[in-house]
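First the structure, in the form of structure tokens, and then the observations on it.
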Amino acid sequence: MTNYVLITGSSLKPLASKLSKCLDVGLCKIEIDEFANKEIRIRVLDNVNDKIAFILQSTNYPAERNIIELCLIADALKRNGAKKVVAIIPWLGYAPQDKIFRDGEPLSSEVVVRILESAPIDEFAVIDVHSKLVLDMFKKPVRHLSAMNVFIEHFKGKLDESWCCTALDDGAVERATLFARKLNLNIAKFDKTRNKKTGEVTFHKLEGEVKDRNIITFDDYVSTGGTTIKSCEFLKEQGAKKCVYCITHFIVPETFEKVKNSKIDKMLITDSIDWSERDIPGNIEVLSIDTLLSDFVCKYS
Ligand code: R5P
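Quick note: the sequence shown uses my numbering, first residue 1202, plus one each step.
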């Protein structure tokens, strides 16, 4: 008898079934439907009394609905006797809005964290969250997991000395350095500036050589694709050969087409957001974070 139950929200059903297979534990029965006016109706059907309840839910589009759904599931679990509720949120919606970028803006990520913390969730787990600023906004315990090792495992023993890692901006230096060290590769550093109004990005070389090198870059998320697509063009202008990107969260479906038509040789993404119903272009491959999550649950429970 396990001392925990696994519950999925609407956003990550395929990943939840993979996780339940890894853990050899069935998913907790729950009804998620709607009232006549489209408000969310939740009902937990299994016995969760005295169990640790892990809820899996990314708060991607429709973020507001997925956030409320997660809060309602947590409430239902606690009212049904769950000993502890742990929300595993692979993609934390609004996390990129971790600062006031322009006068007049809200601090959106903090608002979202406050909403989530108002639900009876005892602990959170997030994956490759955009910045430490967001982690610091949590008042309740939060575990920060990374998909980096999922990519490292994929490339283990496959990259020779013709490969080099890049940090595309200042914020990426720490994780890029760790990624390069784990792959035993050198690193080239760049600086990125983004027009705060249009979102347009430009790159400048800081240090390291990319000429005649194959490039592998690890980044937390792709939204418009501006950073990856522009950096690939820039790297190839500098003489780079293949450009491969390892991206934990791919958050905008329209960007699939842009990546397909770009110079990017390969982009590896994860199933932190469910794209199983979408046509994925040939230069994109999806790796699962199921083992990362099963390790987390096993060590926890
Ligand atoms: C930057 O700090 C992030 O890590 C991403 O590189 C970036 O902001 C992704 O956004 P987009 O795809 O719109 O360039």
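C-beta atoms are modelled at their ideal positions from N, C-alpha and C, and glycine is treated no differently.
The straight-line gap separating the alpha-carbon atoms of Asp1392 and Lys1383 is approximately 23 Å.
Per DSSP, Met1468 is one residue of the beta strand (DSSP E) stretching across 1467-1471. Distance between Asp1329 and Asp1251, taken at the CA atoms: about 31 Å. When distances are taken from the beta-carbon of Ala1373 to the heavy atoms of the ligand R5P, the shortest one is below 7 Å. Each residue's CA atom was taken as its position, placing Gly1294 and Ile1256 some 16 Å apart. Cα atoms of Ile1465 and Leu1216: separation of roughly 26 Å, rounded to the nearest angstrom.
Lys1467 sits close to Glu1486, with the two beta carbons spaced by under 8 Å.
By a beta-carbon distance limit of 8 Å, Leu1273 does not contact Ile1253. Their separation comes to about 19 Å.
Sixteen is the threshold: since fewer than 16 other Cβ atoms of the shown chains lie within 10 Å of the Cβ of Val1312, the residue is exposed. In summary, Ser1463 is buried, with 16 or more beta-carbon neighbours lying within 10 Å of its beta-carbon over all protein chains present.
In chain order, Leu1216, Lys1219, Leu1220, Cys1223 place their CB closer than 7 Å to the CB of Asp1491, counting only its own chain and leaving out the 5 sequence neighbours on each side. For the region 1219-1259, the full-length beta strand (DSSP E) segments reaching 3 residues or more read 1231-1235, 1241-1245, 1253-1257 along the chain.
For Ile1470, same chain residues with a beta-carbon under 7 Å away, outside a window of 5 residues either side, are Ile1448, Phe1451, Ile1485, Val1487 in chain order. Remark: C-beta atoms of Asp1299 and Ser1332 approach each other more closely than 8 Å. DSSP lists Lys1390 as the beta-bridge partner residues of Ala1368. Its chain contains Met1349, Phe1352, Arg1376, Ala1377, Phe1380, Cys1447 as the residues whose beta carbon lies nearer than 7 Å to that of Phe1419, once the 5 sequence neighbours on both sides are disregarded; these appear in chain order. In the DSSP assignment, Val1453 falls outside any beta strand (DSSP E), carrying neither H nor E. A check of alpha carbon separations from Leu1334 across Asn1204, Pro1297, Ser1473 identifies Pro1297 as the nearest. Going by beta carbons, Val1411 and Cys1365 fall inside the 8 Å limit. When the beta-carbon positions are compared, Leu1386 and Leu1407 stay at least 8 Å from each other. In the three-state scheme derived from DSSP, where H, G and I count as helix and E and B as strand, Ile1289 is classed as strand. Closest in alpha carbon position to Lys1397, among Glu1306, Arg1315, Ile1417, is Glu1306.
Checking the 7 Å criterion, the Cβ of Asp1392 is out of range of every heavy atom belonging to the ligand R5P. Spanning the alpha carbons of Asn1267 and Glu1240 requires a straight line of approximately 12 Å.
Comparing alpha-carbon positions, the option among Asn1238, Lys1284, Ser1424, Gly1400 lying closest to Ile1474 turns out to be Ser1424.
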